[in-house]
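Data first, discussion second: the structure below is written as structure tokens.
Number of protein chains: 2
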Amino acid sequence: MRPILLALAAVAFQTSTPASSDTGEVILTETSHQAEFQLVEITGALADPWSLDFLPDGRLIVTEWSGAVKIVKNGVASVSLRGAPTVLRRDEQSAGMLGVAVHPDFAQNQQVYFCFLHGDYDSNVSRIARARLDGLALVDLEVIFEGNDRSEEYHHSGCRLTWSKDGNLFATFGDRRHLPGDSQKLDSSTGTIIRINDDGTIPTDNPFSGDAGARPEIWAYGVRNVQGIASHPETGAFWFSEHGSLGGDEINILMRGANYGWPIATYGIDYDGSIITDDVELEGVEGPLIYWRPSTAPSGLAFYAGNQFPHWRGDLFMGSLGDRRLVRMELRDDRILFQEHLLAELDERIRDVRMGPDGYLYILTDADPGGIYRLEPVEN
Amino acid sequence: MRPILLALAAVAFQTSTPASSDTGEVILTETSHQAEFQLVEITGALADPWSLDFLPDGRLIVTEWSGAVKIVKNGVASVSLRGAPTVLRRDEQSAGMLGVAVHPDFAQNQQVYFCFLHGDYDSNVSRIARARLDGLALVDLEVIFEGNDRSEEYHHSGCRLTWSKDGNLFATFGDRRHLPGDSQKLDSSTGTIIRINDDGTIPTDNPFSGDAGARPEIWAYGVRNVQGIASHPETGAFWFSEHGSLGGDEINILMRGANYGWPIATYGIDYDGSIITDDVELEGVEGPLIYWRPSTAPSGLAFYAGNQFPHWRGDLFMGSLGDRRLVRMELRDDRILFQEHLLAELDERIRDVRMGPDGYLYILTDADPGGIYRLEPVEN
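Protein sequences appear in the order of chains C and U. Residue numbers for the first sequence follow the numbering used here, beginning at 479 and rising by one. Residue numbers for the second sequence follow the numbering used here, beginning at 479 and rising by one.
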């Protein structure tokens, strides 16, 4: 189909799946090159939210950096769920409670997974835990995985969670800032994307599972701080966004066992202007699909595959913290043909982007107060 | 090598090849992400220049839309050369005298090639002619090729000329605006990129040379108005820029026998907002590497492969008429990783871009008066 606005009026929107929450206030309307949409506030009553996911009954589950986990129903955010894991929260980025992922079989097992920073200022580490959602409580909390890079550094700790089609959990672990070189080490969970089973055990078919001295959970390595990961609706491949240093933000395609080069090959320089490496390309290092300079600070990533915006189908959406935009990218195979910046008028740091089961696009703004908003087509 | 400014001071510039013309006035200095450069005016005394090429002795040859062909030596433009072909010139784009290409063996044969619109308002056609440069005269003028789409339409007539490494001449023929559908017809030179020998005969290994009803000169088809074509310094493949309609400007890689889709598949819409086709992709149609919306109106194209700007090596430069910029693109294989707009301060329509044999980058501004400028590194 041709992706232009003029064709839109002729398209019958399929709205058979109800929206996840009641419709709230329309914050703004905007015309994309591909669609006219309105932004509806689901809730604006969150404090530094970081990630969200969808429960089968239409409710949302959302994390806040402070450690709070809340349920959003009919546009109302709950109190903090009892039983949430204890997290280390400081006033800088990437510490605290981060990713959340609802188990694919939630309807049967009510399991929800979290990735967060655990410990104290002198010694902390990334953890993945799961718990059973029971009313407004998380019960049977169980830490199923912990990084092996315990340190006093709480920056650049990722962490997004996502499920593969075959039921493995992928998590993105940051470079912990003072250990960036460890991103190149296979004996460290620093700067890696890991793949584990839903009980925290390690699949035996991981790329380095048989290698002496290598961490078996590693699926890919050489990343800096990945805060967006999404599965391509057709190929099933994971694409991920990566915070580079100054001017080295990237989008990459996740490949088994691949090295993404940080910090031995990068398009970025250090924040003080100094050179990190002379190389932007290296043998054996996977290159990005695109990079940003100056930095856009990319966060959540989502492919659009729904029916609410037929002309957006196949597009990739990315939250930008730095540019305070939602970036829409048109693709052809693994080529980014076109970029468009949306939601300039909202002017918020966009931390997460998700396509809901209802086919709407959801964003989460990183602020206090922050909120969850839904992009809906304007039906002419 | 790492492409950042901070590394630049350490690079010893190789300036063994003298510049094509004496250094003129510095118009501006600018800092790219990759290099600090100054823009030097070679000549500002041209009237609507369209294209330029380099003679082995350091002189430049330049075409003007009106039909004039001039030699630029030591920053001074000559009078119009005697003996230039007669062209049809109107006040709209793409008519008149267009592309120029110096024969690779110019030192031996003094041949220069031109592509231009020939005829009158009721009946005109694209022609390719060659002549021998003798002092300030063109002698032995010979029309070596003519399109088969003679009509009253003088828009969208291309036309860039370039040589392949094996000595064939490629020319880009436009869609003649009122015949866009003919871009899909193999029996028409409309909307094609052709490949001919240097005497105008047709190579027998062209993709459609044996096909009944197909024009044997066609190398590729389905283009709209190609005004930039350049050979990749490593692969030798031609990349070309294409003026789309409203919002469908593209960069493509030229492939033997390929169909680039105009007007049956495009990312653009018509100037009046109406839909040209519902398809952006089609089986059997080559897709672009990137497209622009809104239009940037891409013109001349050049790969940088010189020694003056080590950090630009491998980059693709494109003149933009609409945005009045020089676009620098960083590549990895056939992926455009990054775009940067240069020369905003100059604020001119940039019609042609060439890398000189001296390793400097030359641009040509489409204006009256228009000029030729050279980008030189600022040596710190």
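Note that beta-carbon positions come from the ideal geometry of N, C-alpha and C, so glycine has one too.
Considering only C-alpha positions, which residue in the set the options is nearest to residue i?
| i | options | result |
| --- | --- | --- |
| G739 (chain U) | U:R791, U:G659 and U:P681 | U:G659 |
| L559 (chain C) | C:F515, C:H819, C:F532 and C:R610 | C:R610 |
| I674 (chain U) | U:D689, U:L639, U:A708 and U:Y599 | U:L639 |
| V763 (chain U) | U:V621, U:I731 and U:I747 | U:I731 |
| N602 (chain U) | U:L530, U:V590, U:R628 and U:Q589 | U:R628 |
| L524 (chain U) | U:R852, U:L530, U:P847 and U:E857 | U:P847 |
| S635 (chain U) | U:G706, U:V557, U:G502 and U:Q589 | U:G706 |
| G613 (chain U) | U:T744, U:M733, U:V547 and U:D825 | U:V547 |
| L515 (chain U) | U:D836, U:F787 and U:L842 | Note on residue identity: the sequence assigns Phe, not Leu, to residue 515 (chain U). With distances taken between Cα atoms, F515 (chain U) lies closest to U:F787. |
| A736 (chain U) | U:I622, U:P685 and U:G746 | U:P685 |
| T713 (chain U) | U:E695, U:D811 and U:A692 | U:D811 |
| Q662 (chain C) | C:G746, C:E808, C:R693 and C:C637 | C:R693 |
| Q604 (chain C) | C:L842, C:V580, C:G849 and C:V565 | Strictly speaking, residue 604 (chain C) in this sequence is Ser, with Gln absent from that position. Measuring from the Cα of S604 (chain C), the nearest candidate turns out to be C:V565. |
| E508 (chain C) | C:A607, C:G597, C:D830 and C:L804 | C:L804 |
| S773 (chain C) | C:V540, C:G765 and C:G746 | C:G746 |
| A845 (chain U) | U:D836, U:R832 and U:L824 | U:L824 |
| P527 (chain U) | U:W717, U:E857 and U:R829 | U:R829 |
| T679 (chain U) | U:F623, U:A708, U:L664 and U:G700 | U:F623 |
| A607 (chain C) | C:Y599, C:D598, C:D600 and C:F594 | C:F594 |
| R832 (chain C) | C:S709, C:Y749 and C:S752 | C:S709 |
| N765 (chain C) | C:D748, C:L779 and C:A743 | The sequence shown places Gly at residue 765 (chain C), rather than the Asn named in the question. If we check each option's Cα against that of G765 (chain C), C:A743 comes out closest. |
| A555 (chain C) | C:G751, C:G522 and C:H596 | C:G522 |
| F795 (chain U) | U:H596, U:T650, U:W717 and U:F592 | U:W717 |
| Y749 (chain C) | C:G722, C:L767, C:I768 and C:D756 | C:G722 |
| L576 (chain C) | C:L767, C:T650, C:I505 and C:K643 | C:T650 |
Taking residue i and residue j to be in contact with their CB atoms under 8 Å, please state how far apart those CB atoms are, rounded to whole angstroms.
| i | j | result |
| --- | --- | --- |
| P741 (chain U) | I729 (chain U) | Not confirmed; about 18 Å, so no contact. |
| R827 (chain U) | R806 (chain U) | Actually they do not touch by this definition, with Cβ atoms about 17 Å apart. |
| E854 (chain U) | V518 (chain U) | 6 Å |
| L616 (chain C) | A562 (chain C) | 5 Å |
| S798 (chain C) | A775 (chain C) | 6 Å |
| L842 (chain U) | L530 (chain U) | 5 Å |
| S719 (chain C) | S667 (chain C) | So it is not a contact: roughly 20 Å between Cβ atoms. |
| V557 (chain C) | V550 (chain C) | Not confirmed; about 12 Å, so no contact. |
Quick one: what does DSSP say residue i is sitting in, helix, strand or coil?
| i | result |
| --- | --- |
| G597 (chain C) | strand |
| W770 (chain U) | strand |
| S687 (chain C) | coil |
| S469 (chain C) | For residue 469 (chain C) there is no data in the structure shown, the boundaries of chain C being 479 and 858. |
| W528 (chain C) | strand |
| D612 (chain C) | strand |
| W641 (chain C) | strand |
| G849 (chain U) | strand |
| N602 (chain C) | strand |
| A546 (chain C) | coil |
| I672 (chain C) | strand |
| D478 (chain C) | Residue 478 (chain C) lies beyond the stretch modelled for chain C, which goes from 479 to 858, so this question has no answer here. |
| V856 (chain C) | coil |
| L842 (chain U) | strand |
| T744 (chain C) | coil |
| V617 (chain C) | strand |
| Y699 (chain U) | strand |
| P776 (chain U) | strand |
| V443 (chain U) | Residue 443 (chain U) falls outside the range modelled here, since chain U spans only 479 to 858, and no answer is possible. |
Only counting the same chain, and skipping five residues up and downstream in sequence, which positions put a Cβ closer than 6 Å to that of residue i?
| i | result |
| --- | --- |
| P711 (chain U) | F781 and A783 |
| P582 (chain C) | W641 |
| E631 (chain U) | R654, R655 and H656 |
| S499 (chain U) | For S499 (chain U), the predicted structure reports a pLDDT of 48, less than 50, and the residue's modelled location is therefore unreliable. A value from the coordinates is still provided. These residues qualify, in order along the chain: I520, N552 and G553. |
| W770 (chain C) | D727 |
| E808 (chain U) | D793, L815 and F816 |
Output needed for residue i: all residues of its chain with C-beta closer than 7 Å, excluding positions within five of it in sequence on either side, in chain order.
| i | result |
| --- | --- |
| R567 (chain U) | W543, S544, G545, A573 and G574 |
| F584 (chain U) | L533 and P534 |
| V856 (chain C) | T507, E514, F515 and Q516 |
| R791 (chain U) | Y782 and A783 |
| G645 (chain U) | P582 and D676 |
Within the same chain, show all residues whose beta-carbon is closer than 8 Å to that of residue i, passing over the 5 residues directly before and after it, in chain order.
| i | result |
| --- | --- |
| W697 (chain C) | F648, T670, I671, I672, R673, N684, P685, L732, R734 and G735 |
| N587 (chain U) | H581 and R610 |
Considering only heavy atoms of the ligand NAD, does any lie closer than 8 Å to the CB of residue i?
| i | result |
| --- | --- |
| I674 (chain C) | Looking for the ligand NAD in the displayed structure turns up nothing, as the structure carries no ligands at all. |
Sequence ranges, beta strand (DSSP E) only - wholly within the stretch 553-595 of chain C, length at least 3: Along the length of the stretch 553-595 of chain C, whole beta strand (DSSP E) runs at least 3 residues long occupy 575-580, reported in chain order.
Quick check for students: name the residue ranges of the beta strand (DSSP E) that lie wholly in the stretch 711-739 of chain U, counting only runs of 3 or more. With a minimum length of 3 residues, the continuous beta strand (DSSP E) runs that stay inside the stretch 711-739 of chain U are 716-720 and 727-731.
Fully enclosed by the stretch 785-838 of chain C, which beta strand (DSSP E) runs are 3 residues long or longer? Runs of the beta strand (DSSP E) lying entirely within the stretch 785-838 of chain C, each at least 3 residues long, are 794-798, 803-810, 813-820 and 828-833 in chain order.
Contained beta strand (DSSP E) runs [length at least 3] in the stretch 499-524 of chain U, N- to C-terminal order: Listed in chain order, the complete beta strand (DSSP E) runs (minimum 3 residues) inside the stretch 499-524 of chain U are 504-509 and 514-524.
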